[in-house]
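*Asks:* Just dropping this structure here.
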Amino acid sequence: MNAKLFAYAPAPESRSVVEIASSYGLFIDGEFREAAAGKVFKTLAPASEEVLSEVAYGDEADVDAAVRAARAAFGAWSAMPGAERAKYLFRIARIVQERARELAVLETLDNGKPIRETRDADLPLVAAHFFYYAGWADKLAYAGCGPNPRALGVAAQVIPWNFPLLMLAWKVAPALAAGNTVVLKPAETTPLSALFFADICRQAGLPKGVVNIVTGDGATGASLVGHPDVNKVAFTGSTAVGKQIARTVAGTEKRLTLELGGKGANIVFEDAPLDQAVEGIVGGIFFNQGQVCCAGSRLLVQESVQEELLDALKRRLGTLRVGDPLDKNTDVGAINSAEQLARITELAEAGEAEGAQRWSPPCELPGEGYWFAPTVFTGVSQAHRIAREEIFGPVLSVLTFRTPDEAVAKANNTPYGLSAGIWTEKGSRILKLANQLRAGVVWANTFNKFDPTSPFGGYKESGYGREGGRHGLEAYLEHA
Amino acid sequence: MSTPDTHSSARLSVLKTYKLYVGGKFPRSESGRVYEVTEAKSGQWLANAPLASRKDARDAVVAARKAFGGWSGATAYNRGQILYRIAEMLEGRREQFAAEVASAEGLSKAKAQARTDAAIDRWVWYAGWSDKLAQVVGGGNPVAGPFFNLSTPEPTGVVAVLAPRSSSLLGLVSVLAPVIVTGNTAVVVASKAAPLPALSLAEVLATSDLPGGVVNMLSGDTAELARPLAAHQDVNAIDLAGADAELAAELEGAAAENLKRVLRPDGDDWAAEPGLERMTAFLETKTVWHPIGA
Numbered sequence: 001m002n003a004k005l006f007a008y009a010p011a012p013e014s015r016s017v018v019e020i021a022s023s024y025g026l027f028i029d030g031e032f033r034e035a036a037a038g039k040v041f042k043t044l045a046p047a048s049e050e051v052l053s054e055v056a057y058g059d060e061a062d063v064d065a066a067v068r069a070a071r072a073a074f075g076a077w078s079a080m081p082g083a084e085r086a087k088y089l090f091r092i093a094r095i096v097q098e099r100a101r102e103l104a105v106l107e108t109l110d111n112g113k114p115i116r117e118t119r120d121a122d123l124p125l126v127a128a129h130f131f132y133y134a135g136w137a138d139k140l141a142y143a144g145c146g147p148n149p150r151a152l153g154v155a156a157q158v159i160p161w162n163f164p165l166l167m168l169a170w171k172v173a174p175a176l177a178a179g180n181t182v183v184l185k186p187a188e189t190t191p192l193s194a195l196f197f198a199d200i201c202r203q204a205g206l207p208k209g210v211v212n213i214v215t216g217d218g219a220t221g222a223s224l225v226g227h228p229d230v231n232k233v234a235f236t237g238s239t240a241v242g243k244q245i246a247r248t249v250a251g252t253e254k255r256l257t258l259e260l261g262g263k264g265a266n267i268v269f270e271d272a273p274l275d276q277a278v279e280g281i282v283g284g285i286f287f288n289q290g291q292v293c294c295a296g297s298r299l300l301v302q303e304s305v306q307e308e309l310l311d312a313l314k315r316r317l318g319t320l321r322v323g324d325p326l327d328k329n330t331d332v333g334a335i336n337s338a339e340q341l342a343r344i345t346e347l348a349e350a351g352e353a354e355g356a357q358r359w360s361p362p363c364e365l366p367g368e369g370y371w372f373a374p375t376v377f378t379g380v381s382q383a384h385r386i387a388r389e390e391i392f393g394p395v396l397s398v399l400t401f402r403t404p405d406e407a408v409a410k411a412n413n414t415p416y417g418l419s420a421g422i423w424t425e426k427g428s429r430i431l432k433l434a435n436q437l438r439a440g441v442v443w444a445n446t447f448n449k450f451d452p453t454s455p456f457g458g459y460k461e462s463g464y465g466r467e468g469g470r471h472g473l474e475a476y477l478e479h480a
Numbered sequence: 001m002s003t004p005d006t007h008s009s010a011r012l013s014v015l016k017t018y019k020l021y022v023g024g025k026f027p028r029s030e031s032g033r034v035y036e037v038t039e040a041k042s043g044q045w046l047a048n049a050p051l052a053s054r055k056d057a058r059d060a061v062v063a064a065r066k067a068f069g070g071w072s073g074a075t076a077y078n079r080g081q082i083l084y085r086i087a088e089m090l091e092g093r094r095e096q097f098a099a100e101v102a103s104a105e106g107l108s109k110a111k112a113q114a115r116t117d118a119a120i121d122r123w124v125w126y127a128g129w130s131d132k133l134a135q136v137v138g139g140g141n142p143v144a145g146p147f148f149n150l151s152t153p154e155p156t157g158v159v160a161v162l163a164p165r166s167s168s169l170l171g172l173v174s175v176l177a178p179v180i181v182t183g184n185t186a187v188v189v190a191s192k193a194a195p196l197p198a199l200s201l202a203e204v205l206a207t208s209d210l211p212g213g214v215v216n217m218l219s220g221d222t223a224e225l226a227r228p229l230a231a232h233q234d235v236n237a238i239d240l241a242g243a244d245a246e247l248a249a250e251l252e253g254a255a256a257e258n259l260k261r262v263l264r265p266d267g268d269d270w271a272a273e274p275g276l277e278r279m280t281a282f283l284e285t286k287t288v289w290h291p292i293g294a
């Protein structure tokens, strides 16, 4: 941090807006209950390692109870007129808006991401998602799945820790709009916002069993996706687990959508507006500490502007504020868990060992909690692990190119295919590159933009299926 | 009131002066004219509604035009939220509207309630279309050449709406919501015989974050107001739902002068779920080409 340039007084958002109970049960059939085996686990604040609460650990028996509740609720929920289902979802959207600040603080505590992001990105998008899909519930005949599309049944949904409530919204909103009932398994390290969502379902008067939430770990998730009475599996997380799930559902009639890892290329041409590009690069890799599947983790910069761009980028990184996620001026918060921090650390060390040059701005990290300074690697080759593997942290790998064809070849040289960015003033070049990139989302002169109306999802090993937009409904409807 | 209440039996109710709604304000007619509105069944006096003039209609067009830029430029999400807010506000005055609809249309309490509820739900239905219609009626076109080619719907502009004559609230909402959800602004001529639910709806609109001028509500003689609107050079479209066949034909002729988009009356069943026609009738399609290449 360059203290000479900027001196900020602390500006912490108050924690008093949220009341976290000392323990939470599983939310099954409209009620909180203890796990059948009575097991619990703790959830921490990654910024301080403080224990926030104790949460029930759901095992196979609990998953079975939740699936039964969802199955029992399915008949009435799917038969309900779409206009009535819509009104439940509109209620949820409104209650999320009303409780947005509380949920933003909660999410920041449990996840470690800056309050500026939960307040300005996560929560508005959560509400918008419910609002958008609410409007689809009574318009399913227009969704492109035939004149009389049908819900699939019980949806098993397993979500990650990087955008806990937003990923819940991406999964739950279209599922309910289409008439499915759901069993959702939030991530082990970020269960709280899903449990608060259960309370929102209560406030909205949602019929029992339509939404069930079973907290736990990977084994809980495996029981859920393997349960014989679920009709649909939706997973967001790592490619490795995604492949396991694809193997699990193979040979069954379960429908599957997967939103997995990425190694997004952010391509900067010499005619790009460089200051704007720097902002996009920073947002692309340091938003949410880089723990974003569509992060622009590979910067491909045209050789002629490499020096100029990197100078500007390093200057900009010197102004990033790393620290207390609840501080309203914080740009980069905590890494979500010790495990994730260890993975980032290991890959960064591999980057050095393989010969890339490591750089971080001078920045003081807090003594407690899980932290990783914003890091840039230059001199990265395509063979380096940091150019090939998803780091899922605030680490940018810089590669260079000379021609558009070379940029495309390098950008596509990955088993992933989730996102890409293009920075140039030339519209025709943007569109040509966009056609050539094997990625599900291409941002031009912007990055990391999300909207409920806009489909999101990957090519290749970044998964299949789309979330968001009209396409997001298809994942939860049967053509008829 | 069946409960014995010494106060209410002795108390004289305060009557509301019904006014026009133009540019976000509630003026009387500039002409100073009113006409008597009566209960549909008994013929009993209900209110003196403004008998709006041609000048009021022209003022309303000016207000609608002024509001068009902001409203059509608002995000679809924002417009959807505001339409949903209208439903929320209407729900809060459900009883009042049911009573007004019962008087206006000569319906039983239960029927009037059901039509009011349907009107509320119709706002919700259209609210949801704000950010979906472009996905259903627009899209990329695979032209045979190196071009990006995208068609998107855009609002046509200021729409004159002749509200249905008999369905005072549900019919009105069914013609108004599809006009404004896509970003058009409206000048509405309420049913002459049953204008009170429309004039009260204006009060709901005024408290729903809907920018002033997006909807302008006039009460008066349909033909007197419709003629200057149909001939107005700054009106882009006209919905003839509330015109009889003879008047509709005349107005359509006048509308030809500046090629207004015209939606003819066709005996709509306001209780049925609408399709997309009332929205697409007031949309333009814009197609953008851009080369693809190095």
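Here the protein sequences line up with chains A and B, keeping their order.
Residue numbers for the first sequence follow the UniProt record's numbering, beginning at 1 and rising by one.
Residue numbers for the second sequence follow the UniProt record's numbering, beginning at 1 and rising by one.
No residue lacks a Cβ here, since even glycine has one placed at the ideal position from N, Cα and C.
From what residue to what residue does the beta strand (DSSP E) around Gln-157 (chain A) run?
*Replies:* In the first sequence, the residue the question calls residue 157 (chain A) occupies position 157. 154 to 158 is the extent of the beta strand (DSSP E) around Gln-157 (chain A).
*Asks:* Let me know the alpha helix (DSSP H) ranges lying completely inside the region 261 to 293 of chain A, each 4 residues or longer, listed in chain order.
*Replies:* As far as the region 261 to 293 of chain A is concerned, its whole alpha helix (DSSP H) runs of at least 4 residues are 274 to 286.
*Asks:* Would you say Ala-294 (chain B) reaches chain A, if we count a Cβ-Cβ gap shorter than 8 angstroms as a contact?
*Replies:* In the second sequence, the residue the question calls residue 294 (chain B) occupies position 294. Interface residue, yes.
*Asks:* Run the CB neighbour count on Arg-115 (chain B), radius 10 Å, all protein chains shown included, and call it buried at 16 or more, exposed below.
*Replies:* Your numbering for residue 115 (chain B) matches position 115 in the second sequence. Label assigned to Arg-115 (chain B): buried.
*Asks:* Pull up the distance between the alpha-carbon of Ser-2 (chain B) and that of Ser-9 (chain B), whole angstroms please.
*Replies:* The residue you call residue 2 (chain B) lines up with position 2 of the second sequence. The residue you call residue 9 (chain B) lines up with position 9 of the second sequence. The pLDDT assigned to Ser-2 (chain B) is 42, lower than 50, so where the model puts this residue is not dependable; a value taken from the coordinates is nonetheless given after this. C-alpha separation (whole angstroms): 10 angstroms.
*Asks:* With 8 angstroms set as the bound, which would you pick, yes or no: does the beta-carbon of Arg-470 (chain A) sit closer than that to a beta-carbon of chain B?
*Replies:* Sequence index remark: in the first sequence, residue 470 (chain A) carries index 470 (1-based). Yes, Arg-470 (chain A) lies at the interface with chain B (some Cβ there is under 8 angstroms from its Cβ).
*Asks:* May I ask you to verify whether the region 208 to 221 of chain A touches the region 188 to 199 of chain A, counting CB pairs closer than 8 angstroms and requiring at least 3?
*Replies:* Yes, the region 208 to 221 of chain A is in contact with the region 188 to 199 of chain A.
*Asks:* Under a Cβ-count criterion, where at least 16 other Cβ atoms within 10 Å of its own Cβ denotes burial, should Lys-87 (chain A) be classed as buried or exposed?
*Replies:* The residue you call residue 87 (chain A) lines up with position 87 of the first sequence. Counting Cβ neighbours within 10 Å, Lys-87 (chain A) comes out buried, since at least 16 surround it.
*Asks:* With burial defined as no fewer than 16 other Cβ atoms inside 10 Å of the residue's Cβ, what is the status of Gly-145 (chain B): buried or exposed?
*Replies:* Position 145 of the second sequence, counted from the first residue, corresponds to residue 145 (chain B). It is exposed - the Cβ of Gly-145 (chain B) has fewer than 16 other Cβ atoms within 10 Å.
*Asks:* Quick check: what's the CA-CA separation for Gln-306 (chain A) versus Arg-101 (chain A)?
*Replies:* Translated into positions along the first sequence, residue 306 (chain A) becomes position 306. Translated into positions along the first sequence, residue 101 (chain A) becomes position 101. Whole-angstrom Cα-Cα distance: 41 angstroms.
*Asks:* Under three-state DSSP, which class holds Trp-125 (chain B)?
*Replies:* Numbered from 1 along the second sequence, position 125 holds the residue referred to as residue 125 (chain B). Reduced to three states, the DSSP call for Trp-125 (chain B) is helix.
*Asks:* Of all the options A:Thr-424, A:Gly-112, A:Ser-22, which has the alpha carbon lying nearest to the alpha carbon of Val-322 (chain A)?
*Replies:* Residue mapping note: residue 322 (chain A) aligns to position 322 of the first sequence, counting from 1. Closest option to Val-322 (chain A), Cα to Cα, is A:Gly-112.
*Asks:* Distance check for Lys-42 (chain A) and Ser-22 (chain A), CA to CA, integer angstroms please.
*Replies:* Here residue 22 (chain A) refers to the residue found at position 22 when the first sequence is read from its first residue. Here residue 42 (chain A) refers to the residue found at position 42 when the first sequence is read from its first residue. Approximately 10 angstroms between the Cα atoms of the pair.
*Asks:* Answer with buried or exposed for Ala-9 (chain A), where buried requires no fewer than 16 other C-beta atoms within 10 angstroms of its C-beta.
*Replies:* Sequence index remark: in the first sequence, residue 9 (chain A) carries index 9 (1-based). Exposed, because fewer than 16 other Cβ atoms sit within 10 Å of the Cβ of Ala-9 (chain A).
*Asks:* To the nearest angstrom, how far is it from the Cα of Ser-14 (chain A) to the Cα of Val-105 (chain A)?
*Replies:* Here residue 14 (chain A) refers to the residue found at position 14 of the first sequence. Here residue 105 (chain A) refers to the residue found at position 105 of the first sequence. Approximately 8 angstroms between the Cα atoms of the pair.
*Asks:* I'd like the span of the alpha helix (DSSP H) that includes residue 482 (chain A), first residue to last.
*Replies:* Residue coverage of chain A in this structure runs from 1 to 480, which leaves residue 482 (chain A) outside it and unanswerable.
*Asks:* What residue does the beta strand (DSSP E) around Pro-195 (chain B) start on, and which one ends it?
*Replies:* Taking the second sequence and counting its residues from 1, one reaches residue 195 (chain B) at position 195. From DSSP, Pro-195 (chain B) is part of no beta strand (DSSP E); its letter is neither H nor E.
*Asks:* Rounding to the nearest angstrom, what Cα-Cα distance links Pro-274 (chain B) and Leu-240 (chain B) in this structure?
*Replies:* Stepping through the second sequence from its first residue, residue 274 (chain B) is reached at position 274. Stepping through the second sequence from its first residue, residue 240 (chain B) is reached at position 240. One C-alpha to the other measures close to 17 angstroms.
*Asks:* What's the gap between the Cα of Ala-246 (chain A) and the Cα of Val-225 (chain A)?
*Replies:* Taking the first sequence and counting its residues from 1, one reaches residue 246 (chain A) at position 246. Taking the first sequence and counting its residues from 1, one reaches residue 225 (chain A) at position 225. Taking the straight line joining both Cα atoms gives about 10 angstroms.
*Asks:* Helix, strand or coil for Tyr-35 (chain B), going by three-state DSSP, please let me know.
*Replies:* In the second sequence, residue 35 (chain B) corresponds to position 35, counting from 1. If DSSP states are grouped into helix, strand and coil, Tyr-35 (chain B) belongs with the strands.
*Asks:* State the beta-bridge partners of Val-136 (chain B) as determined by DSSP.
*Replies:* Looking up residue 136 (chain B) in the second sequence gives position 136. Looking at the DSSP assignment, Val-136 (chain B) forms no beta bridge with any residue, so it has no partner.
*Asks:* Alpha carbon to alpha carbon, how far is His-227 (chain A) from Thr-319 (chain A)? Give it in angstroms, no decimals.
*Replies:* Taking the first residue of the first sequence as 1, we reach residue 319 (chain A) at position 319. Taking the first residue of the first sequence as 1, we reach residue 227 (chain A) at position 227. If I take the Cα positions, the gap works out to 49 angstroms.
*Asks:* Under DSSP, the alpha helix (DSSP H) around Gln-97 (chain A) begins and ends at which residues?
*Replies:* As a working mapping, residue 97 (chain A) is identified with position 97 in the first sequence. Per DSSP, Gln-97 (chain A) belongs to the alpha helix (DSSP H) from 82 to 98.
*Asks:* Just to confirm my understanding: we take Ile-180 (chain B), look at its own chain, exclude 5 residues before and 5 after, and list those with CB closer than 7 angstroms. What are they?
*Replies:* Within the second sequence, residue 180 (chain B) is the residue found at index 180, counting from 1. Hits under 7 angstroms: Ala-186, Val-214, Val-215.
*Asks:* Once you ignore the five residues that flank Val-34 (chain B) on each side, which residues in its own chain have a CB closer than 7 angstroms to its CB?
*Replies:* Position 34 of the second sequence, counted from the start, is the residue given in the question as residue 34 (chain B). Correct list, in chain order: Asn-48, Ala-49, Pro-50, Leu-51.
*Asks:* Let me check one thing: in DSSP terms, what residues is Ser-53 (chain A) bridge-paired to?
*Replies:* Position 53 of the first sequence holds residue 53 (chain A). Note: Ser-53 (chain A) sits in a beta bridge opposite A:Thr-43.
*Asks:* Please state whether DSSP places Glu-368 (chain A) in a helix, a strand or coil.
*Replies:* Taking the first sequence and counting its residues from 1, one reaches residue 368 (chain A) at position 368. Three-state DSSP puts Glu-368 (chain A) in coil, outside helix and strand.
*Asks:* At a Cβ threshold of 8 angstroms, is His-232 (chain B) touching chain A?
*Replies:* Within the second sequence, residue 232 (chain B) is the residue found at index 232, counting from 1. False, the Cβ-Cβ gap to chain A never drops below 8 angstroms.
*Asks:* Any C-beta of chain B sitting closer than 8 angstroms to the C-beta of Gly-440 (chain A)?
*Replies:* The residue given as residue 440 (chain A) occupies position 440 in the first sequence. Answer no: the Cβ-Cβ gap between Gly-440 (chain A) and chain B never drops below 8 angstroms.
*Asks:* Residues of chain A with CB closer than 7 angstroms to the CB of Asp-121 (chain B), please, in chain order.
*Replies:* Against the second sequence, residue 121 (chain B) aligns to sequence position 121. Simply Ala-83.
*Asks:* For the alpha helix (DSSP H) holding Leu-90 (chain B), just list the boundary residues, first then last.
*Replies:* The count along the second sequence starts at 1 and reaches residue 90 (chain B) at position 90. Leu-90 (chain B) -> alpha helix (DSSP H) spans 76 to 92.
*Asks:* What residues in the region 37 to 59 of chain B have a beta carbon less than 9 angstroms from any beta carbon of chain A?
*Replies:* Taking 9 angstroms as the Cβ-Cβ cut-off against chain A, none of the residues of the region 37 to 59 of chain B qualify.
*Asks:* Could you pull out every residue in the same chain whose Cβ sits closer than 7 angstroms to the Cβ of Thr-446 (chain A), ignoring the five residues on either side in sequence?
*Replies:* Within the first sequence, the letter at position 446 stands for residue 446 (chain A). Only Gly-280 meet the Cβ criterion.
*Asks:* In chain order, which beta strand (DSSP E) runs of at least 3 residues are fully inside the region 310 to 385 of chain A?
*Replies:* DSSP runs (the beta strand (DSSP E)) wholly in the region 310 to 385 of chain A: 357 to 359, 375 to 378.
*Asks:* For the alpha helix (DSSP H) containing Val-62 (chain B), list its first residue and its last residue.
*Replies:* The residue labelled residue 62 (chain B) in the question sits at position 62 within the second sequence. Residues 54 to 73.
*Asks:* Measuring only from the beta carbon, is Arg-28 (chain B) closer than 7 angstroms to any heavy atom that is part of the ligand GTP?
*Replies:* In terms of ligand content, the structure shown is empty, and the ligand GTP therefore cannot be addressed.
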